[in-house]
Amino acid sequence: MTTSASALFSRRFRSFEAHGPLPCPPSGWTWEGLMELALQEAQKAFDSFEVPVGAVLVDVSGQILGRGHNTPRTDCDTTAHAEINALRMACRRLANYRLPGRIMVVTLEPCAMCASAILQARLSGLVFGAYDRLCGAVSSAAEYFDPPCAPASAPWHMGGVLADSCQTILKEFFVGRRENE
Ligand SMILES: [Zn+2]
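Counting with numbering that gives the first Met the number 0, you get residues 0 to 180 for the letters of the sequence shown.
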């Protein structure tokens, strides 16, 4: 964990002893390395003219269980955010609708829909890159994973990992879209 990420993490620290594992990266990974994978997914969205957000789902042994990027336009599916697509892949793979012990790494702070899905899936942790000041439901616009609203099973969470890279790809996408309008 970088110093800046560590600082952000401690500000948002929840009770790990009570609710989840210590936030050390899964075996063989750094948080930045996992975020690079999520950024590769975001690039796929960018290349498909979708808002470039990407996500990966990993277990503590370091195995990647799911990947996803935004595909709502491509799939004509309002719910096809990166996190939902990654959750669907992992749930099918494990043949289980709940994924305790697993961690989501996503380039942008999840929206309310995705934060709720993460709660429903019983994930243990969430790492995100850029903060979403308007729609982020973890730290920015709402705090779905923190008391008093969050259930005891809510995941620990950490934002700001490779935030500049995660923000830059979004900026490039929206600047390009405005220029083409
Ligand atoms: Zn979402």
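Using N, Cα and C, we set each Cβ at its ideal position, and we do this for glycine too.
Can you grab the Cα-Cα spacing for the pair Cys186 / Thr70, in whole Å?
No information on residue 186 is available, as it lies outside the stretch 0 to 180 that the chain covers here.
Buried or exposed by the 16-neighbour rule on C-beta atoms within 10 Å, applied to Arg189:
Here the chain has residues from 0 to 180 only, and residue 189 is not among them.
Going by C-alpha to C-alpha distance, which of Glu40, Ile102, Gly27 and Phe127 sits closest to Leu64?
By one-based count along the sequence shown, residue 64 stands at place 65. Ranking the options by Cα distance to Leu64, first place goes to Ile102.
Give, in chain order, every unbroken run of the alpha helix (DSSP H) that is at least 4 residues long and sits entirely within the segment 50 to 75.
71 to 74
Looking at C-alpha atoms only, which residue of Phe144, Ala81, Ala114 and Gly135 is the closest neighbour of Ala44?
In the sequence shown, counting from the first residue as 1, residue 44 sits at position 45. Checked all of Phe144, Ala81, Ala114 and Gly135; the closest Cα to Ala44 is Ala81.
Taking buried to mean at least 16 other C-beta atoms within 10 Å of its own C-beta, is Ala201 buried or exposed?
There is no way to answer for residue 201, as the model of the chain reaches only from 0 to 180.
When DSSP labels each residue in this structure, what does Val137 get in the three-state scheme?
For this step, residue 137 is matched to residue 138 along the sequence shown. In this structure, Val137 counts as coil in the three-state DSSP scheme.
Between which two residues does the beta strand (DSSP E) holding Thr106 run?
For this step, residue 106 is matched to residue 107 along the sequence shown. Ile102 to Leu107 is the span of the beta strand (DSSP E), which, as asked, contains Thr106.
Where the beta carbon is closer than 6 Å to any heavy atom of ligand 3, which residues qualify, in chain order?
Ligands in the displayed structure: ligand 1; ligand 3 is not one of them.
Which same chain residues, not among the five before or five after Met88, have their C-beta less than 6 Å away from its C-beta?
Here residue 88 refers to the residue found at position 89 of the sequence shown. Only Gly65 meet the Cβ criterion.
What does DSSP give as the partner residue(s) for Met157 in the beta ladder?
Translated into positions along the sequence shown, residue 157 becomes position 158. Looking at the DSSP assignment, Met157 forms a beta bridge with Val126.
For Ala37, which option in Ala94, Phe127 and Phe48 has the closest C-alpha, if you only look at C-alpha atoms?
Locating residue 37 in the sequence shown gives position 38, where the first residue counts as 1. Here the closest residue by C-alpha is Phe127.
Tell me where the alpha helix (DSSP H) around Cys90 begins and ends.
On the sequence shown, residue 90 is found 91 positions in, with the first residue counted as 1. For Cys90, the uninterrupted alpha helix (DSSP H) run begins and ends at Ala81 to Leu93, by DSSP.
With burial defined as no fewer than 16 other Cβ atoms inside 10 Å of the residue's Cβ, what is the status of Asn84: buried or exposed?
In the sequence shown, residue 84 corresponds to position 85, counting from 1. It counts as buried.
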